[in-house]
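Protein chains: 2
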Amino acid sequence: VSLPDEPLARRVVEGDVRALARVCRLVDDRIGGYRTILKQLFPHTGHAWTLGVTGTPGAGKSTLTDRLIAALRAQNQRVAVLAIDPTSPFTGGAILGDRIRMQRHHGDPEVFIRSVATRGALGGLSRSAVDLLRVLDAWRADVVICETVGVGQDELEVTRSVHTTLVVMAPGMGDDVQAIKAGILECADVFAVNKADREGAHATVRDLELMIALGHTTRSVRTATPGVGHVGAHAALATHPSDDDAHWTPPIVKCVATRDEGTAELMTKLEDHKRWLFETEAGSERRFQRLRDSMRAQLRQELLEDAERHMGAAIDEAVRAVAERRLDPYTAAEDLIARFQQS
Amino acid sequence: VSLPDEPLARRVVEGDVRALARVCRLVDDRIGGYRTILKQLFPHTGHAWTLGVTGTPGAGKSTLTDRLIAALRAQNQRVAVLAIDPTSPFTGGAILGDRIRMQRHHGDPEVFIRSVATRGALGGLSRSAVDLLRVLDAWRADVVICETVGVGQDELEVTRSVHTTLVVMAPGMGDDVQAIKAGILECADVFAVNKADREGAHATVRDLELMIALGHTTRSVRTATPGVGHVGAHAALATHPSDDDAHWTPPIVKCVATRDEGTAELMTKLEDHKRWLFETEAGSERRFQRLRDSMRAQLRQELLEDAERHMGAAIDEAVRAVAERRLDPYTAAEDLIARFQQS
Chain Y
888 VSLPDEPLAR RVVEGDVRAL ARVCRLVDDR IGGYRTILKQ LFPHTGHAWT LGVTGTPGAG
948 KSTLTDRLIA ALRAQNQRVA VLAIDPTSPF TGGAILGDRI RMQRHHGDPE VFIRSVATRG
1008 ALGGLSRSAV DLLRVLDAWR ADVVICETVG VGQDELEVTR SVHTTLVVMA PGMGDDVQAI
1068 KAGILECADV FAVNKADREG AHATVRDLEL MIALGHTTRS VRTATPGVGH VGAHAALATH
1128 PSDDDAHWTP PIVKCVATRD EGTAELMTKL EDHKRWLFET EAGSERRFQR LRDSMRAQLR
1188 QELLEDAERH MGAAIDEAVR AVAERRLDPY TAAEDLIARF QQS
Chain L
888 VSLPDEPLAR RVVEGDVRAL ARVCRLVDDR IGGYRTILKQ LFPHTGHAWT LGVTGTPGAG
948 KSTLTDRLIA ALRAQNQRVA VLAIDPTSPF TGGAILGDRI RMQRHHGDPE VFIRSVATRG
1008 ALGGLSRSAV DLLRVLDAWR ADVVICETVG VGQDELEVTR SVHTTLVVMA PGMGDDVQAI
1068 KAGILECADV FAVNKADREG AHATVRDLEL MIALGHTTRS VRTATPGVGH VGAHAALATH
1128 PSDDDAHWTP PIVKCVATRD EGTAELMTKL EDHKRWLFET EAGSERRFQR LRDSMRAQLR
1188 QELLEDAERH MGAAIDEAVR AVAERRLDPY TAAEDLIARF QQS
C-alpha cells in the first residue's frame, strides 16, 4: 500500500507522534479534513492488536492498564492507549483521573495516551473512539488499549469493536451491580478479578465460573452446541481456555494490580486469546462479525447526522403540531423520513 | 376528541385493564397493528403526570417507588408503573426483582405495573418505553411512574421524556460511582438521599448541595443567568426550590424508604415540581423542549429501522470489501446512505 498523499496522514503512518496527536484532536473534534485523513489512513490499519479494558467502576481498571502497559513495554511493543472518560454532556469536563495515573509513561516515545470525552447524544462517543482506534493502529502501534468504564450502550459498542476484551471486576461490589455487569459480561474474552487479596475474591471467581458454565457469555452462547458448551463449562471451571478451537471460553485470572501480582498470567491469557482470534477459523469468523457490527454502527451514525442536517426545520414544525395534538408522533415521523428520502 | 375506532385502543381509553395489558404486550413486541393503536391512542394522552425514578444501583429505588405508589393511592390517584430491567441482550431475562417487590399492589385495580426488558441494540428500549408511557397515559392514569436503573444512554433518554425526574441516591456508594452519576444528575428535578440513617448520608447531601451550587444540573445550566444561578445555589443549600419561577433548583429530601420515613416530604417536593412545570412559563418551555427531544429520538429510531430494512444485503457486501481493505469504511458509509436516499 502506498503512503497517503495527505501530509498529516503520511506523517502518522511514518510514526510521527506530534502528527498523531494533531490528527487525534482533529478526529475528536471532527474538523479540519479529518474525514479525508481517516480515509487515507484506513489502508494502513490492520497491524495492531486492539485490547479493550472494561469493568465495573472502582474495580481498578486504570491501575491494571498501567501494569499491562509496563508488561508490553518490557516486550518492546509500541503501545497506544485510548481512555474514555464519562463526562457531563453539558460541561464536557473529564471526571476520572486516568490520565494522571498513567503519567509515569510520559516521556516514553513508544507509549501514546489519549483521552476522549463522552459525547452528548447520538452515540458520538463510540464513533469518535472507533475512528481514533483506527488512527492509533495506522501509527503502527503493536497494541492499542481502549479503557472504558463499561456502562452504557456507547461504551458497549466500543468494546464490541476491539479484538480482545478484558473485563476487570473486584470482590464485594454488591448485588445490584450485577445488573450493570450484564452487558459487559457478554463481551468478555478474559476476566481479571482484581483486588484478589480482599475478602470475597473467591466468591467473585465462583460467581463468574458459574455464569460462564451457564453460558451467560457471548462466546459460549454464540458458538457452542449444547454438548460442547458443557465441556467448555468444565474447562472454564478450571480457569483454562477450552481446548476446542471452535469456541473460546473466557479464562479468569486473579490479580492485585497495586502490587503487580497476576499481571504476567493475565498477559499470557490475553495473548492466548489473540492467537485464537488470528490463528483459528472460528477466530477469523469472530473478527469478521465484529467488523460488521462496527461498520453497521458507523453507518447508523452517519445516516443520523445526514438526516438531522436535512430535516432540521421540519422537525420543529412537526414537534409543534404534536405538542398541540394536531398530529400524532408516529405519522409525523413517517412524513419526515419520506421527506428526507426525497431530498 | 372522539373515541378510537380500533377496538383495543377504545377499550384502553375506557379504562379496561385487560385491554391495557394486551396493548402493552403488542407495543413491547411491536406486533399486531401496534402502530395503528399508538396513533389512535395519542390524541387521548396528556392527562398523566409522568414521574421518572432513577439512580445508582442499590440506592433503593424500588422500595421508594413502592412507598410513592402507596402515597398516591392514599390520594385516590390511578397509578401506572413501568419498571425497566437491565437484562442481557442475549438471554432477554430480567435480573432485578422489582416486580416481586411491588406485588403488594397486586389486586388493586387502580395500580397497573408493567416491566420492560432492555433491548439489544439501536436504543429499542427507549422507544418501547416512551410508547408504553403514552399507552399508560391514554389509560387515564393520573400518575405514570417510570423506574430505571439510570445507567446508559437509552435510560437517560427515557428519563428525559418524563415530566419530573426523581434521582435516588444512597450514602457511601464510592467515588468511582460518581462517574456514572454524571448523566443522571443532569436530569434531576428532585433528589432523594435514601438510607439516610446510614453513615455518610450527611456527606452525600453536602456533595449534592455543592454540585447544585456549582450548577452541575441541567436546570440551572440551561435557564440561569450567572447572577440568578448564584441565588439558586443558596436556595439549594437550604434544600428549598428557588422562589424564582424562571428556573427550578432541585430540592434534596432525606428518606428511609424501608421505614417509610420522608415519603410525605418527598411527595410534596415532587408535586411542587409538577406545579412549576404546568403553571409557569419556564415550565411550559421545559415541557416543549422535552417533547422535542423525545420526538427527535423517535425519529432517529424509525429512520434507522427503515434504513436497515433497505440496505441489509448491501451492507454485507460493503463489510466484505472493507474487511479486505478494498474499500474504506467512510466511503462505504457514504455510498450506502446515497443508495438508501434513492430507494
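Those sequence lines, one after another, are chains Y and L.
Sequential numbering of the first sequence, starting at 888, is according to this note's numbering.
Sequential numbering of the second sequence, starting at 888, is according to this note's numbering.
C-beta atoms are modelled at their ideal positions from N, C-alpha and C, and glycine is treated no differently.
As the structure is a prediction and not an experimental result, all values here were calculated from the model.
| Item | Value |
| --- | --- |
| Through-space distance from residue 1182 (chain Y) to residue 1204 (chain L), alpha-carbon basis | 11 Å |
| Identity of the residues DSSP links to residue 1141 (chain Y) by a beta bridge | Y:1080 |
| Proximal residues of chain L, C-beta to C-beta of residue 1209 (chain Y) below 7 Å | 1178 and 1182 |
| Start-to-end residues for the beta strand (DSSP E) that takes in residue 938 (chain L) | 936–942 |
| Boundaries (first-last residue) of the alpha helix (DSSP H) holding residue 1155 (chain Y) | 1150–1166 |
| Local Cβ density within 10 Å of residue 1229 (chain Y), reported as buried at 16 or more and exposed below that | exposed |
| Residue-level contact to chain Y via CB, residue 1123 (chain L), 8 Å cutoff | In this prediction, residue 1123 (chain L) scores a pLDDT of 39, lower than 50, which makes its location untrustworthy; the coordinate-derived value is nonetheless stated afterwards. It does not: the Cβ of residue 1123 (chain L) has no partner Cβ on chain Y nearer than 8 Å. |
| Where the alpha helix (DSSP H) through residue 914 (chain L) begins and ends | 904–916 |
| Selection from L:1003, L:1175, L:1094 and L:997 that minimises the alpha carbon distance to residue 903 (chain L) | L:997 |
| Cutoff 8 Å: residue 929 (chain L) Cβ touching any chain Y Cβ | yes |
| Rounded C-alpha distance that separates residue 1086 (chain L) from residue 1059 (chain L) | 8 Å |
| Per-residue DSSP class, three states only, for residue 1210 (chain Y) | helix |
| Proximity of residue 1055 (chain Y) and residue 937 (chain Y) at Cβ, strictly below 8 Å | no |
| Status (buried if at least 16 other CB within 10 Å, exposed otherwise) for residue 918 (chain L) | exposed |
| Beta-carbon proximity check, residue 1014 (chain L) vs residue 1188 (chain L), cutoff 8 Å | yes |
| Segment limits, alpha helix (DSSP H) that includes residue 1053 (chain Y) | Careful: residue 1053 (chain Y) lies outside any alpha helix (DSSP H), inside the beta strand (DSSP E) at 1051–1056. |
| Extent of the continuous alpha helix (DSSP H) to which residue 1036 (chain L) belongs | Per DSSP, residue 1036 (chain L) belongs to no alpha helix (DSSP H) and is neither H nor E. |
| CB contact check: residue 933 (chain L) to chain Y, cutoff 8 Å | yes |
| Nearest to residue 912 (chain Y) (by Cα), restricted to the options Y:926, Y:1002, Y:1031 and Y:929 | Y:1002 |
| Within chain Y, the residues that residue 1202 (chain L) reaches when beta carbons sit closer than 8 Å | 1179, 1182, 1183 and 1186 |
| Contact set for residue 985 (chain L): own chain, Cβ-Cβ below 6 Å, skip 5 residues either direction | Bear in mind that the predicted position of residue 985 (chain L) carries a pLDDT of just 43, short of 50, making it too unreliable to give a figure here. |
| Test: residue 1156 (chain L) CB closer than 8 Å to a CB of chain Y | no |
| Close beta carbons around residue 1161 (chain Y), own chain, < 8 Å, minus the five adjacent residues each side | 936, 1050 and 1051 |
| Among L:1088, L:1166 and L:923, the one whose alpha carbon lies nearest that of residue 1139 (chain L) | L:1088 |
| Residues of the region 1164–1177 of chain L with Cβ closer than 9 Å to any Cβ of chain Y, in chain order | 1174 and 1175 |
| Complete runs of the alpha helix (DSSP H) confined to the region 1169–1213 of chain L [at least 4 residues] | none |
| Beta carbon of residue 1044 (chain L) nearer than 8 Å to that of residue 1194 (chain L) | no |
| Coil, strand or helix - residue 970 (chain Y) by DSSP | strand |
| Distance, residue 1098 (chain L) Cα to residue 1034 (chain L) Cα | 24 Å |
| First and last residue of the uninterrupted alpha helix (DSSP H) at residue 1101 (chain Y) | Where residue 1101 (chain Y) is concerned, there is no enclosing alpha helix (DSSP H), given that its DSSP letter is neither H nor E. |
| Residue 1046 (chain L) versus residue 1017 (chain L): straight-line alpha-carbon distance, rounded | 10 Å |
| Which listed residue (Y:943, Y:1192, Y:1020 and Y:940) has its alpha carbon closest to that of residue 907 (chain Y) | Y:1020 |
| Spatially closest choice to residue 952 (chain Y) from Y:1081, Y:963, Y:924 and Y:915, by CA coordinates | Y:1081 |
| Per-residue contacts from residue 1206 (chain L) into chain Y (C-beta, under 7 Å) | 1178, 1179 and 1182 |
| In DSSP terms, what residue 924 (chain L) is bridged to | Answer is none; residue 924 (chain L) lacks a bridge partner. |
| Partner residues on chain L for residue 1224 (chain Y), Cβ-Cβ distance less than 8 Å | 1186, 1189, 1190 and 1193 |
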